[in-house]
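K.L.:
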Amino acid sequence: MDPIFEDRLRNTLGLSSPRKSPRVPTYGSPIRSPSCVKENGDRYIPSRSSPAFRRQLFTADSGNEDKEQSSEPVKAESLAYQLALQNEILGENHEELPDPNSRVPLASTTKSNLLQYQSPKKMLSPLTPYSVSPISKTTQKLLLSPRRATRKISKTPFKVLDAPDLQDDYYLNLLDWSSANVLSVGLGTAVYLWSAVTHQVNKLCDLQGEGDSVTSVCWSEDGHLLAVGTHLGYVQVWDAAATKKVSTLTGHNGRATSLSWNNTAIVSGSRDCSILQWDHRTASHGNRYLRKLVGHSQEVCGLRWSPDHQLLASGGNDNKLFIWDNYSSTPLYRFSQHNAAVKALAWSPHQHGLLVSGGGTVDRTIRFWNMLTGQPLHHVDTGSQVCNLAWSRSGSELVSTHGYSQNQILLWRYPSMSQIAKLTGHTTRVLYLAMSPDGQTIVTGAGDETLRFWNVFSKARSHKEPNSPLNIVSYLR
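Residues 41 to 517 in the numbering used here are what the sequence shown spells out, letter by letter.
Here's what the structure looks like:
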């Protein structure tokens with residue numbers, strides 16, 4: 041017999057040991073509590089039969105919520121198995137499979153004390169006398185629910201184009217994708233057009249003969265006209281199909297680094313700290329700008345009209361974010377929460393009045409704003425310079441490009457702001473971003489003189505008109 045077990049058995053039965061054995065630590069007896077406990081003392085022994093206690097044992101290794109989440113999608117079979125276990129063992133009530141790309145917490149949302157005096161309630165609902173399945177009705181409904189397709193995001197670009205002379209300047213906006221599926225990029229003194237349909241490249245204009253260079257490009261909403269901002273402060277409007285300059289807008293005393301269209305009107309931001317608004321149709325008749333917006337104290341590097349064309353967001357190198365309306369020359373709202381230049385701006389296409397902005401190297405944060413009330417919502421620290429932001433057109437997702445120091449592209453899920461994917465490949469700051477008309481592809485540009493194309497978003501859902509005799513419009517010809 042093992043000597044240690046023999047000594048423990050003798051001590052338990054109250055027998056003296058015939059031999060002197062070395063002292064070893066005891067770990068308690070299965071028959072009686074250790075002798076070190078007083079005979080008449082009180083001890084609190086928690087109930088280990090609590091469902092909350094079993095739930096914590098089941099989820100012991102799933103509580104590390106702060107670590108960066110894996111971008112690999114969860115398999116539908118594994119997800120169904122986890123939820124079925126929760127239903128049968130923990131008494132949960134999962135009836136449908138969630139999105140495989142979303143994070144499914146293993147812990148229960150039921151709040152109950154871990155240590156309790158009373159006996160736990162019966163968790164499983166009794167099956168009907170006619171049921172032949174060993175699992176509950178809830179789990180049966182879960183396992184029969186339709187599986188959602190798993191979305192895979194490639195970590196490598198599907199196309200890379202050379203972009204010689206693409207400037208490494210944070211304040212410029214040299215890339216835009218039109219609704220006609222034509223990509224425009226400013227390279228040095230010239231503007232080039234790349235057709236995503238024919239894959240042909242054409243030179244739209246070259247400002248070398250004018251002693252000028254390109255500092256910004258922006259397509260009109262119909263995709264026919266391209267506005268080109270220059271280093272000398274001009275804004276040229278070009279007809280892309282005819283390769284013809286329509287008009288030249290003047291008024292800035294510094295380079296025009298940001299542009300945005302509002303139907304036929306154009307707004308431009310400049311190093312002279314001003315924002316000018318034109319109507320390109322009247323500019324050819326000798327008229328100057330329609331109005332001048334003054335508020336920034338340094339270069340205006342970000343401009344975005346809201347989807348309903350009622351509000352204009354402007355960001356500057358003075359770390360300020362201003363909101364303007366169509367009727368006043370003074371800002372409607374002024375925000376100074378950012379600690380660096382505000383270039384990245386994007387209005388949500390899904391939620392009215394929701395704006396997101398990003399700060400530069402010192403700030404590194406993405407901030408959300410409710411422009412219906414003028415209140416800040418929340419923010420997240422990205423750890424690197426925020427260069428561009430864009431919303432998905434098919435769901436509540438957001439893409440951001442970054443500069444110092446990680447030069448990465450991040451895909452976020454809103455409003456949790458959990459990372460879905462991290463894309464790398466550029467060797468310098470990812471300063472430029474544009475989205476395809478179908479909303480599935482983004483193209484990024486950097487100082488490494490490359491354009492990289494990525495498939496990050498799912499296809500937008502098509503909205504079909506209902507075929508009803510009450511829909512009179514569908515019968516009009």
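Every residue, glycine too, gets a C-beta built ideally from N, C-alpha and C.
1) My output table needs one value for Thr484: the three-state DSSP class, helix, strand or coil.
2) Once the 5 residues before and after Gln377 are set aside, which same chain residues still bring their CB inside 7 Å of it?
3) Give every residue of the same chain whose Cβ lies closer than 6 Å to the Cβ of Gln446, excluding the five residues on either side of it in the sequence, and list them in chain order.
4) How is Tyr373 classed by DSSP in three states: helix, strand or coil?
5) Is the segment 211-221 touching the segment 253-267, taking contact as three or more C-beta pairs under 8 Å?
6) Give the C-beta separation of Ser440 and Gly487 to the nearest angstrom, bearing in mind that I take them to be a contact with Cβ-Cβ under 8 Å.
7) Would the beta-carbon of Arg311 fall within 8 Å of that of Glu339?
8) For Gly249, which three-state DSSP category applies?
9) Rounded to a whole number of angstroms, what is the C-alpha to C-alpha distance between Gly273 and Glu136?
10) Please give me, in chain order, every unbroken run of the beta strand (DSSP E) with length at least 3 that falls completely inside the segment 396-455.
11) Going by DSSP, what residue range makes up the beta strand (DSSP E) through Thr288?
12) Measuring only the C-alpha atoms, how far is Ile449 from Met457?
13) Can you list, in chain order, the residues of its chain whose CB lies under 8 Å from that of Asn495, leaving out five sequence neighbours each side?
14) With Gly342 and Leu385 assumed to form a contact (beta carbons below 8 Å), what rounded beta-carbon distance in angstroms separates them?
15) Give a yes or no on whether the C-beta atoms belonging to Leu491 and Val225 are separated by under 8 Å.
16) Going by DSSP in three states, Ile363 sits in which element: helix, strand or coil?
17) Throw me the rounded Cβ distance for the Leu361 and Ala430 pair, which I believe falls under 8 Å.
18) Determine the direct distance from the alpha carbon of Pro138 to that of Thr179, and round the result to whole angstroms.
19) What are the boundary residues of the beta strand (DSSP E) that Lys192 is part of?
20) Taking the alpha-carbon positions, what's the Ala230 to Thr196 distance?
21) Do you know offhand how far Arg453's Cα is from Val420's?
22) Considering only the beta carbon of each residue, do Ser308 and Val277 sit closer than 8 Å?
23) Could you check how far apart the C-beta atoms of Trp345 and Asn410 are, in whole angstroms? I think they sit under 8 Å.
24) Can you tell which of Gly443, Gly435, Leu265, Leu266 has its C-alpha closest to the C-alpha of Phe497?
25) When the distance is taken between beta carbons, is Val382 closer than 8 Å to Gly414?
26) For Asn292, which residues in the same chain have their Cβ closer than 6 Å to its Cβ, ignoring the five residues on either side in sequence?
27) May I have the straight-line CA-CA distance separating Ile306 from Lys332, to the nearest angstrom?
28) Could you please give the first and the last residue of the uninterrupted beta strand (DSSP E) stretch that includes Thr270?
29) Over the uninterrupted beta strand (DSSP E) stretch that includes Lys332, give me the two end residues.
30) Give me the Cα-Cα distance between Gly393 and Asn366, rounded to the nearest whole angstrom.
31) Is it true that the CB of Trp318 sits closer than 8 Å to the CB of Leu17?
32) Measuring only the C-alpha atoms, how far is Ser388 from Gln459?
33) On the DSSP letters alone, give me the boundaries of the beta strand (DSSP E) that Gln459 sits inside.
34) Between which two residues does the alpha helix (DSSP H) harbouring Lys177 extend?
35) How about Val470 and Cys427: are their beta carbons less than 8 Å apart?
36) For Thr187, tell me which candidate among Ala120, Ser354, Phe375 has the shortest Cα-Cα distance.
P.N.:
Put simply:
1) Under the three-state reduction of DSSP output, Thr484 falls in the strand class.
2) Arg407, Pro416
3) Ser424
4) strand
5) yes
6) So it is not a contact: roughly 18 Å between Cβ atoms.
7) Yes, the pair counts as a contact, with Cβ atoms nearer than the cut-off.
8) helix
9) Approximately 57 Å, taken between the alpha carbons.
10) 405-410, 415-421, 426-431, 437-442, 449-453
11) 284-289
12) 14 Å
13) So the qualifying residues of the chain are Ile193, Ser194, Phe198, Gln480, Thr481.
14) Rounded, the Cβ-Cβ distance is 5 Å, consistent with contact.
15) yes
16) strand
17) About 17 Å separates the two Cβ atoms, so there is no contact after all.
18) 14 Å
19) Where Lys192 is concerned, there is no enclosing beta strand (DSSP E), given that its DSSP letter is neither H nor E.
20) 29 Å
21) 12 Å
22) No. Outside cutoff.
23) Not quite, the Cβ-Cβ distance comes to about 18 Å (not below 8 Å), so this is no contact.
24) For the options Gly443, Gly435, Leu265, Leu266, the alpha carbon positioned closest to that of Phe497 is the one of Gly435.
25) no
26) In the sequence under discussion, the amino acid at residue 292 is His, which differs from the Asn named in the question. For His292, the CB contacts under 6 Å within the same chain, skipping 5 residues up- and downstream, are Gly273, Ser310, Asp312 in chain order.
27) Ile306 and Lys332: Cα-Cα distance of roughly 12 Å.
28) 265-270
29) 331-334
30) Going by the C-alpha atoms only, they are around 15 Å apart.
31) Absent from the model: residue 17. The displayed extent of the chain is 41 to 517, so no value can be given.
32) 18 Å
33) 458-463
34) 177-184
35) Contact flag set, yes.
36) The sequence given here places Arg at residue 187; Thr does not occur at that position. Nearest C-alpha to Arg187: Ala120.
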